[in-house]
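Here the sequence shown stands for residues 1 to 203, where the numbers follow this note's numbering. Beta carbons: idealized from backbone N, C-alpha and C, even for Gly.
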Amino acid sequence: MRKLIVGITAAAALALAAPLAAQETGTPVFKSPYRTFNTSEIGATFSDGEGYEWALEGFYGYGRGPWDVGIRAGYMSFGDGAADEGGFLLGADARTRVVNSSESFPLDGALTLGVGAVIDGGTTLLLPIGLSLGRRVLLEGSETSFVPYVHPVLAPVLGEGDDEVQFTLGIGVDIKFTRNLDIRVAGALGDRDGVSIGFAIIR
């Protein structure tokens with residue numbers, strides 16, 4: 001498992017010189033290694049990234065046992081004057097814990113899998129697989145907690161004559177203010193930068 005962590009992290013670092021595409025819908029939305037909800041969550045994210053002007057997505061997640069799964073859908077605007085002014089986004093993802101922190105390794109880790117599409121006249125498919133690494137920090141005497149994390153992702157991209165394999169390095173923080181509200185901020189580093197902010201109502 002340690003070799004897997006080192007290998008994925010090294011690959012993501014090397015990929016900073018290459019174009020990046022984030023997660024299953026092509027937006028810089030990433031996952032921490034923790035499921036913050038007991039049974040379900042619903043929320044939305046807003047992002048701004050290279051290659052598009054803005055994107056707004058809604059999502060729903062559900063989990064019991066070791067896996068949680070989610071679906072998301074939204075719209076991506078390419079800006080005024082673009083040949084195609086926008087496209088629709090559809091995606092699904094899954095996450096499960098694969099690394100537990102210890103005295104020798106201070107981070108928790110989760111395997112993430114996804115499949116998604118950007119539909120903008122043609123259709124581009126993304127099939128990301130990643131490993132999220134982070135650690136929860138609790139504020140003493142408060143319900144607030146922080147989860148800073150890194151999330152390297154390997155994503156085969158299948159499009160119209162433009163198939164390739166891309167990497168992302170997501171960096172983010174999840175902030176849980178109460179038992180029912182989670183704020184999520186993330187960004188992608190590299191030649192194709194992007195940032196996102198979102199919220200989730202958790203149950």
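Checklist entry - Where residue 197 and residue 46 are concerned, what is the direct C-alpha to C-alpha distance, given to the nearest angstrom? => result 6 angstroms
Checklist entry - Which class does residue 78 belong to by DSSP, given the choice of helix, strand or coil? => result coil
Item to check | residue 202, DSSP secondary structure in three states | outcome: strand
Item to check | Residues near residue 180 in its chain [Cβ-Cβ closer than 8 angstroms; skip 5 each side] | outcome: 201, 202, 203
Checklist entry - Can you tell me whether DSSP reads residue 34 as helix, strand or coil? => result coil
Item to check | Uninterrupted beta strand (DSSP E) stretches inside the stretch 133-191 (no shorter than 3 residues) | outcome: 145-158, 164-178, 181-188
Item to check | Span separating the alpha-carbon of residue 128 from that of residue 25 | outcome: 10 angstroms
Checklist entry - Where do the N-terminal and C-terminal ends of the beta strand (DSSP E) with residue 48 fall, by residue? => result 40-49
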